[in-house]
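Presented below is the structure to which this report refers.
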Amino acid sequence: SGGTRMQEGTPAFVTMVKISAAVAAFKAAKLPYITYLRHPTTGGVFASWGSLGHVTVAEPGATIGFLGARVYEALYGQPFPEGVQTAENFWANGLVDAVLPLDACREAASRLLRLTMVPRDLDHVPEVPREELPDEPAWASISRSRRPDRPGVRALLRFGADDVLSMHGTGAGETDRALLLALVRFGEARCVVLGQDRRSERVEAPLSPSGLRVARRGMRLATDLNLPLVSLIDTAGAALSKEAEEGGLAGEIARCLAEMVVLPVPTLCVLLGQGTGGGAIALMPADRVISAQHSWLSPLPPEGASAILYRTSQRAPEMAERQRVRARDLLADGIIDRIVAEHPDAADEPEAFCRRMARAIEHELVELTRQSTADRLEDRRARFRSL
Numbered sequence: 053s054g055g056t057r058m059q060e061g062t063p064a065f066v067t068m069v070k071i072s073a074a075v076a077a078f079k080a081a082k083l084p085y086i087t088y089l090r091h092p093t094t095g096g097v098f099a100s101w102g103s104l105g106h107v108t109v110a111e112p113g114a115t116i117g118f119l120g121a122r123v124y125e126a127l128y129g130q131p132f133p134e135g136v137q138t139a140e141n142f143w144a145n146g147l148v149d150a151v152l153p154l155d156a157c158r159e160a161a162s163r164l165l166r167l168t169m170v171p172r173d174l175d176h177v178p179e180v181p182r183e184e185l186p187d188e189p190a191w192a193s194i195s196r197s198r199r200p201d202r203p204g205v206r207a208l209l210r211f212g213a214d215d216v217l218s219m220h221g222t223g224a225g226e227t228d229r230a231l232l233l234a235l236v237r238f239g240e241a242r243c244v245v246l247g248q249d250r251r252s253e254r255v256e257a258p259l260s261p262s263g264l265r266v267a268r269r270g271m272r273l274a275t276d277l278n279l280p281l282v283s284l285i286d287t288a289g290a291a292l293s294k295e296a297e298e299g300g301l302a303g304e305i306a307r308c309l310a311e312m313v314v315l316p317v318p319t320l321c322v323l324l325g326q327g328t329g330g331g332a333i334a335l336m337p338a339d340r341v342i343s344a345q346h347s348w349l350s351p352l353p354p355e356g357a358s359a360i361l362y363r364t365s366q367r368a369p370e371m372a373e374r375q376r377v378r379a380r381d382l383l384a385d386g387i388i389d390r391i392v393a394e395h396p397d398a399a400d401e402p403e404a405f406c407r408r409m410a411r412a413i414e415h416e417l418v419e420l421t422r423q424s425t426a427d428r429l430e431d432r433r434a435r436f437r438s439l
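Residue numbers for the sequence shown follow my numbering, so the first one is 53 and each next one is one higher.
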């Protein structure tokens with residue numbers, strides 16, 4: 053707890069700097085740093101090495117916090133509000149990744165280490181065969197991508213991944229269920245996954261600025277641990293609201309673009325379903341971009357584009373064709389690198405489609421890790437300059 057400062061004074065207080073520097077040096081070596089916050093974790097401990105973990109787990113019922121409740125009462129003449137400094141409240145506010153009892157920590161830590169301590173010389177993974185695809189109208193793909201039963205990010209991870217360790221929140225007091233952050237293994241390829249969850253968008257709320265801050269946490273995590281980053285795009289669009297504007301939505305889109313396009317680690321983007329607006333493009337600037345057959349990418353929903361140009365949404369199918377949003381057009385224009393087939397619709401074969409997409413992801417990750425960092429970054433720069 054923070055009591056060391058009271059017992060030993062300022063010389064103990066300033067060791068927060070020394071301990072934090074040691075943690076920073078450890079993390080700079082690309083090693084995973086896990087913290088387990090037990091009862092109690094407070095004061096200078098919580099404000100230094102206790103809050104610097106790549107992954108942070110708390111003991112159920114633990115008292116966690118910076119401020120001493122007795123100090124607050126002495127200063128303000130009233131008790132500190134109940135229920136604030138608890139492990140469960142910190143999880144609800146996106147400050148810890150999980151609340152686990154001590155006897156569950158061994159397995160959790162083992163899984164995390166298996167996912168982060170990556171073998172660097174991966175065996176070649178055969179490419180998923182490329183298939184001849186029918187030339188269907190853009191509107192057909194858009195309609196299929198909106199089917200409620202279309203497999204999304206959670207189905208892909210359930211059917212296609214070999215191990216998944218979910219993380220929670222930004223670590224800075226925000227959560228957003230529309231953006232999933234996890235450490236994932238596809239075959240032998242380990243990675244950090246950022247996945248847009250359109251079911252959570254539909255049931256709870258659209259992707260918000262806090263969701264993009266979760267994504268930026270994932271980008272930092274991938275860099276810290278020297279893991280490839282995989283972004284999965286499937287969004288009907290980011291939130292359009294007073295709260296989103298005041299929360300800095302445009303700035304978060306800009307920062308995602310600016311940070312992702314220069315990440316030193318291998319990056320792969322997967323267009324999984326709908327790809328609408330700034331919420332989609334924020335996670336797109338990758339070394340390689342692959343797309344499901346009926347995925348698409350557009351600056352607005354076609355209905356919105358039609359309303360802007362013609363004051364009616366009835367010409368949406370026409371706008372979709374003209375704006376070249378479908379996967380076939382994205383491939384022809386050099387925006388994506390390959391298309392993963394659907395037989396004939398991912399919603400009709402969810403498990404088979406997810407396994408096929410997961411194999412394509414594994415192949416691309418293995419191939420990207422074989423490139424030198426300098427060559428990969430130069431290829432990425434040239435890719436987007438040439439569009």
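In this text, a Cβ means the ideal position worked out from N, Cα and C, and glycines have one as well.
Annotation note: the segment 295-338 contains the following uninterrupted alpha helix (DSSP H) runs of length 4 or greater, listed N- to C-terminal: 301-312 and 329-333. With contacts defined by Cβ atoms closer than 9 angstroms, ARG250 and ALA288 form a contacting pair. Annotation: ARG363 to GLU355 spans about 10 angstroms, alpha carbon to alpha carbon.
Fewer than three beta-carbon pairs drawn from the segment 226-240 and the segment 189-198 are found closer than 8 angstroms, and the two stretches are therefore not classed as touching.
In the three-state reduction of the DSSP assignment, TYR128 falls in the helix class. With a minimum length of 4 residues, the unbroken runs of alpha helix (DSSP H) contained wholly in the segment 366-433 fall at 368-374, 379-384 and 402-421.
Here THR62 is exposed: its Cβ has fewer than 16 other Cβ atoms, across all protein chains shown, within 10 Å. Around the beta carbon of LEU154, fewer than 16 other beta carbons sit within 10 angstroms, so the residue counts as exposed. Under the DSSP assignment, ASP276 falls in the alpha helix (DSSP H) whose first and last residues are 261-277.
Of GLN345, SER350 and SER358, the smallest CA-CA separation from ARG390 is found for GLN345. In this structure the segment 218-232 does not touch the segment 413-428; the number of beta carbon pairs closer than 8 angstroms is below three. The beta carbon of VAL245 is closer than 6 angstroms to those of ALA234, VAL236 and VAL282 in its chain, skipping five residues each way along the sequence.
Apart from sequence neighbours up to five positions away, the residues of its chain that approach ASP201 with a beta-carbon distance below 7 angstroms are ALA399, ordered along the chain.
In this structure, THR328 and SER350 form a Cβ contact; the two beta carbons are roughly 6 angstroms apart against a cut-off of 8 angstroms. In the structure shown, the three-state DSSP call for PHE436 is helix.
Per DSSP, PHE118 lies in no alpha helix (DSSP H) segment and is marked neither H nor E. Here ARG57 has ALA64, PHE65, GLY95 and GLY96 as same chain residues with Cβ atoms under 8 angstroms from its own Cβ, once five neighbours each way along the sequence are excluded. If you look at SER193, you'll find it in the alpha helix (DSSP H) that goes 190-197. In terms of Cα proximity to THR67, the closest of TRP101, PRO84, LYS79 and LEU83 is TRP101.
When DSSP reads this structure, GLY247 sits in a beta bridge with LEU232 and LEU284.
The C-alpha of GLN248 lies about 11 angstroms from the C-alpha of ALA334. THR93 carries a strand assignment under DSSP once its states are collapsed to helix, strand and coil.
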